[in-house]
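This report refers to the structure that appears directly beneath it.
2 protein chains.
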Amino acid sequence: MRSYFFCIIWVVAVAATDSNPDATSIFNGEGCANDQLFQTRIRPQIQQLASNVQRIIDHVMSANESGRTYRQLAEFVDRFGSRLTGTKNLEDSIDYMIDLLKQEGHDNVHGEPVQVPKWTRGNEWARMIKPRDKKLNILGLGYSEGTNGQTIEAPIVVVRNFTELEQKAGLIPGKIVVYNFKYESYGKQAIYRHSGASRAAKFGAVAAMIRSLTPFSIDSPHTGMQSYDVNVTKIPAISITTEDADLFQRFSDRNEEVIVQIYSENHNEKDKGISRNTVSDVRGEKYPNEIVLVSGHIDSWDVGQGASDDGAGAFISWRALSVIKKLGLRPKRTLRSVLWTGEEFGLIGVYDYIKKHRNELKDYVIAMESDIGTFTPRGITYSGKNSTSQCTLWEILQLMHPINATTLTISTEGSDVQAFYENGVPISSLDTANDKYFYFHHTQGDTMTVEQPDDLDKCQALWTSVSYALAMLDDRLSR
Amino acid sequence: MRSYFFCIIWVVAVAATDSNPDATSIFNGEGCANDQLFQTRIRPQIQQLASNVQRIIDHVMSANESGRTYRQLAEFVDRFGSRLTGTKNLEDSIDYMIDLLKQEGHDNVHGEPVQVPKWTRGNEWARMIKPRDKKLNILGLGYSEGTNGQTIEAPIVVVRNFTELEQKAGLIPGKIVVYNFKYESYGKQAIYRHSGASRAAKFGAVAAMIRSLTPFSIDSPHTGMQSYDVNVTKIPAISITTEDADLFQRFSDRNEEVIVQIYSENHNEKDKGISRNTVSDVRGEKYPNEIVLVSGHIDSWDVGQGASDDGAGAFISWRALSVIKKLGLRPKRTLRSVLWTGEEFGLIGVYDYIKKHRNELKDYVIAMESDIGTFTPRGITYSGKNSTSQCTLWEILQLMHPINATTLTISTEGSDVQAFYENGVPISSLDTANDKYFYFHHTQGDTMTVEQPDDLDKCQALWTSVSYALAMLDDRLSR
């Protein structure tokens with residue numbers, strides 16, 4: 001069905017899709033009518049929750065409250081801008097969040113320290129100098145090394161895929177490899193960004209330039225994480241725009257030599273830094289040890305404002321708890337908000353969290369995440385295979401008719417929450433009309449301009465309602 | 001109906017729309033059945049042309065020929081890149097075109113010299129330094145002066161429109177005015193780009209930053225022409241992205257002071273340059289003095305490749321003559337292709353042409369122009385009020401059914417060809433599905449990636465067919 005994936009977990013996502021092409025499907029309530037447990041015990045409980053869910057929707061969409069998520073998010077991202085892992089700015093923004101969550105009356109507000117890498121983008125530029133002079137609009141990729149104070153100058157070799165890379169192996173020593181793949185989806189082609197440099201280095205390339213992962217561009221380079229294989233020269237890995245990739249392809253097709261210069265001070269620091277996952281709760285009154293987790297990541301790339309990726313996901317998550325507090329609702333289970341750190345550098349925060357909380361994971365009902373856009377909401381995804389649980393979520397989503405977000409999609413896709421899925425906890429993602437998500441993803445265009453107040457309100461209402469309902473049902477979701 | 005306008009002639013376009021709200025309307029053939037002249041004389045002639053028009057379409061879309069316009073355009077813009085008025089690069093590209101048009105067998109190939117201004121973009125940058133540090137993605141506007149070797153540092157005053165500018169007059173001395181209008185259409189809001197600097201300078205502003213003219217952005221600044229009023233200080237005029245305009249607005253709404261630094265070496269040279277309009281013909285066999293003119297402009301802004309604005313328009317125009325030559329068709333009137341120069345700096349080439357050819361204008365049947373995108377074609381526009389002429393064009397467009405481009409829109413809109421309209425010559429523009437035209441307009445994203453080979457073929461077939469038919473009808477279009 002949908003073929004997009006999440007910030008960086010393309011390896012998992014591709015594997016999941018390849019091994020099970022039916023992994024993603026719309027659930028239409030089939031079978032629920034004959035599900036005795038669902039019909040006799042769970043459905044009546046959901047019906048009892050309907051009035052409080054309606055209160056949540058009415059409150060979030062009310063004249064007084066509407067636009068609040070947008071405004072609070074704007075105040076945050078306007079103040080801090082981008083929040084790269086390993087920077088003081090990210091830690092300042094986490095301090096701000098901890099203060100804010102305390103002001104909002106959340107319980108158990110604290111940061112959980114996480115060791116993180118420090119990667120620094122220094123000055124960087126690239127030019128085509130033959131057949132004519134042209135500045136290239138580039139972004140070095142995360143974890144990429146620079147050019148050691150030198151300017152690399154070399155002809156390019158354009159390849160459309162790894163097969164062509166191998167076919168052109170003899171041409172590559174001393175050259176800059178340009179990957180100009182055909183973009184089908186983020187999940188399918190992210191392998192070029194992630195592994196392209198090392199694969200080119202094996203054949204003797206001096207740098208790799210990778211087409212930006214997007215279906216649409218206004219000469220916009222997209223950064224993102226790459227990683228080096230062991231025992232391979234760490235050559236610079238650079239994102240170029242789709243326009244320049246197309247240009248290089250055309251020169252290549254005409255057998256015109258292209259020479260490019262690259263200069264980059266990007267580098268990995270030897271020292272690690274300390275960041276924090278930001279945790280806060282609304283403590284459950286009846287089953288306090290059982291946890292419904294809502295989350296987004298607070299770190300971002302160092303371009304744009306990190307508004308869409310993933311300020312908005314983080315904000316609808318913690319604000320779900322605030323809305324519940326404000327309405328005086330008292331969930332039976334603990335609602336936990338986590339603002340992950342280090343997501344963009346390899347899900348560092350969530351894996352640290354899993355390590356520290358492993359023994360509690362049996363009590364996690366669900367790990368919810370918003371990290372693929374907060375456009376007009378359609379509904380949610382859910383990874384669990386238990387049909388009663390699917391009926392339960394589907395029935396809850398039918399309460400979302402007022403905001404037209406009733407679609408339940410069965411899918412194992414996720415970014416941070418994949419770490420929970422790997423550990424047996426069902427996961428769920430916010431599902432929105434995100435056709436343009438990758439237009440802005442990891443670019444200077446990831447700003448508040450991508451976000452719309454009304455869409456954020458609807459996402460907020462949905463996210464709050466679903467997490468509240470799951471924290472209230474006496475029959476917790478079966479896995 | 002449609003509310004877009006053309007490269008720079010927003011003053012004329014706005015005036016036209018304001019004075020006559022019905023200026024743009026779809027013509028549906030009404031009245032043609034009762035038009036005796038059309039029915040008895042013209043329609044039969046068009047029916048006789050049908051087979052040759054079909055040959056044109058078949059040829060352009062054939063397996064051997066398809067993609068040729070795209071490929072030739074790509075070779076041109078890849079070789080020269082952007083072609084700013086006043087640069088040697090533009091003149092080199094004109095030399096290339098003159099050689100190419102001779103090779104293509106056009107008649108009367110020559111350049112007509114035109115004196116043009118030389119405006120130079122030097123180094124330029126801007127930063128927000130308060131409330132936090134942020135590089136701004138900017139483009140100085142054409143004809144703008146720079147900062148005289150200094151860095152301007154000043155607080156900003158954000159205004160949504162000229163009324164707000166006047167209301168805030170007392171705040172403006174010594175400040176940088178930011179225009180953050182609501183974009184409705186290029187035609188409606190281009191006044192801010194064009195006149196914003198001088199209007200702000202009158203109130204004592206030290207610079208003006210103008211929101212980019214676009215409905216969509218990935219942090220993309222759009223350049224374009226501005227002009228200074230006489231007797232007003234020539235302050236720097238700078239385009240900022242919609243995202244930064246939104247950011248400044250939010251800071252302003254929160255009463256947070258924003259301080260910006262601007263540095264710019266942009267300047268107008270004292271010396272004028274010489275450029276050329278590039279003229280070529282297929283000489284008419286029966287009425288050689290009567291001219292059907294097809295055109296686009298060869299100059300571009302100094303960003304991107306000038307592929308969409310207006311390389312593609314120029315290429316489908318001269319290639320219309322090449323297709324007719326190639327097919328051995330012998331038009332009765334002279335088909336003339338003109339590649340205008342200096343369009344982006346105020347229609348300089350076309351006005352020079354008008355001046356030199358004024359006495360011949362009575363013999364111009366029509367001045368056709370493609371300068372608003374070459375996306376999937378819908379048809380053409382036509383400015384003429386004579387109903388028989390409207391029926392004639394409508395009937396010709398019915399031959400475009402094979403490429404689904406049969407729509408005749410009555411409209412006086414145009415860019416370069418406005419100069420003909422002002423002198424009594426009916427004008428026509430290529431009409432395509434150009435919803436995204438202003439996404440790329442005057443940005444680094446104006447590259448071949450905007451163009452699609454199949455769309456260009458269809459535009460080529462349409463443009464060639466219409467101009468050929470108008471050169472063939474013994475009854476020339478009445479004005």
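Top line first, the protein sequences correspond to chains A and B.
Heads up: the first sequence at position 326 corresponds to 326 in the UniProt record's numbering, and the numbers run straight through without jumps.
Heads up: the second sequence at position 436 corresponds to 436 in the UniProt record's numbering, and the numbers run straight through without jumps.
Even for Gly, the Cβ is constructed at its ideal location relative to N, Cα and C.
Check, Outcome
"Contact with chain B by D299(A), beta-carbon distance below 8 Å", "no"
"Chain-ordered chain B contacts of G328(A) [CB-CB under 8 Å]", "Going along chain B, no residue has its Cβ under 8 Å from G328(A), so there is no contact; the nearest lies around 30 Å."
"Environment of C459(B) [buried if 16+ CB atoms lie within 10 Å]", "buried"
"Backbone CA spacing between V11(B) and D95(B) [nearest angstrom]", "For V11(B), the pLDDT reaches just 37, beneath the cut-off of 50, and the residue's location in the model is therefore unreliable, leaving the point undetermined."
"Residues from the stretch 220-243 of chain A in contact with chain B, defined by Cβ distance under 7 Å", "S220, T242 and E243"
"Contact list for D78(A) against chain B, beta-carbon separation under 9 Å", "P131, R132, L247, R250, F251, R254 and E256"
"Contact set between Q103(A) and chain B, taken where Cβ atoms lie within less than 9 Å", "Within 9 Å Cβ-Cβ: nothing; Q103(A) doesn't reach chain B, min ~18 Å."
"Within chain B, the residues that N137(A) reaches when beta carbons sit closer than 7 Å", "Q444"
"Nonlocal neighbours in the same chain, by C-beta distance under 6 Å from H442(A), ignoring five residues either side", "H222, T223, G224 and W301"
"Q390(A), enclosing beta strand (DSSP E) - first and last residue", "Premise fails: Q390(A) lies in the alpha helix (DSSP H), S387 to Q398, not in any beta strand (DSSP E)."
"Which of helix, strand or coil DSSP assigns to Q452(A)", "coil"
"Beta-carbon proximity list for Y353(B), same chain, < 6 Å, skipping 5 on both sides", "N277"
"Interface flag, M209(A) vs chain B, CB-CB below 8 Å", "no"
"P21(B), buried or exposed, once every other Cβ within 10 Å from all chains shown has been counted against 16", "The predicted model places P21(B) with a pLDDT of 43, which falls under 50 and marks its position as unreliable; any figure quoted below should be read in that light. Burial call: exposed."
"Complete runs of the beta strand (DSSP E) confined to the stretch 336-421 of chain B [at least 3 residues]", "364-369, 377-382 and 407-410"
"For H59(B), the three-state DSSP class (helix, strand or coil)", "helix"
"The stretch 355-363 of chain A in contact with the stretch 416-424 of chain A per 3-pair CB rule at 8 Å", "yes"
"Rounded C-alpha distance that separates H194(B) from I238(B)", "11 Å"
"Residues of the stretch 429-457 of chain A whose Cβ lies closer than 7 Å to any Cβ of chain B, in chain order", "Y439, F440, T443, Q444, G445, T447, M448 and T449"
"Residues that DSSP places opposite I152(B) in a beta bridge", "I262(B)"
"Bounding residues of the beta strand (DSSP E) (the contiguous stretch that carries T303(A))", "Per the sequence shown, residue 303(A) should be read as Val rather than Thr. Taken as a continuous stretch (DSSP letters only), V303(A) belongs to no beta strand (DSSP E), as it is neither H nor E."
"Pick from G445(A), I235(A) and M368(A) that is closest to L136(B), judged by C-alpha positions", "G445(A)"
"Sequence-distant residues of its chain with Cβ nearer than 7 Å to G290(A) (five each side left out)", "Position check: residue 290(A) holds Glu in this sequence, whereas Gly was assumed. Counting only Cβ-Cβ distances below 7 Å, and skipping sequence neighbours, we find G284, R333, T334, D363, V365 and R476."
"Bridge-paired residues (DSSP) for T278(A)", "G111(A) and L339(A)"
"F315(A): first and last residue of the uninterrupted alpha helix (DSSP H) it sits in", "A312 to K326"
"For N404(A) and F76(A), the rounded distance between their alpha carbons", "29 Å"
"Any chain A beta carbon closer than 8 Å to I218(B)", "yes"
"Under 8 Å from the C-beta of A74(A): neighbouring residues of chain B", "R250"
"Through-space distance from L73(A) to N107(A), alpha-carbon basis", "Per the sequence shown, the amino acid found at residue 107(A) is Asp instead of Asn. When rounded, the distance between both Cα atoms is 21 Å."
"CB of G67(A) within 8 Å of CB of P453(A), strictly", "yes"
"At least 3 beta-carbon pairs within less than 8 Å: the stretch 468-475 of chain A vs the stretch 246-264 of chain A", "no"
"For A197(A) and Y228(A), the rounded distance between their alpha carbons", "7 Å"
"Contact set between G81(B) and chain A, taken where Cβ atoms lie within less than 9 Å", "R132, D133 and K134"
"Residue-chain proximity (residue 488(A), chain B), Cβ-Cβ < 8 Å", "With chain A covering only 1 through 479, there is no way to say anything about residue 488(A)."
"Per-residue contacts from F304(A) into chain B (C-beta, under 9 Å)", "The question names Phe, yet the displayed sequence has Gly at residue 304(A). Correct list: D219 and E243."
"contact_flag[the stretch 390-409 of chain B, the stretch 31-46 of chain B] where n(CB pairs < 8 Å) is 3 or more", "yes"
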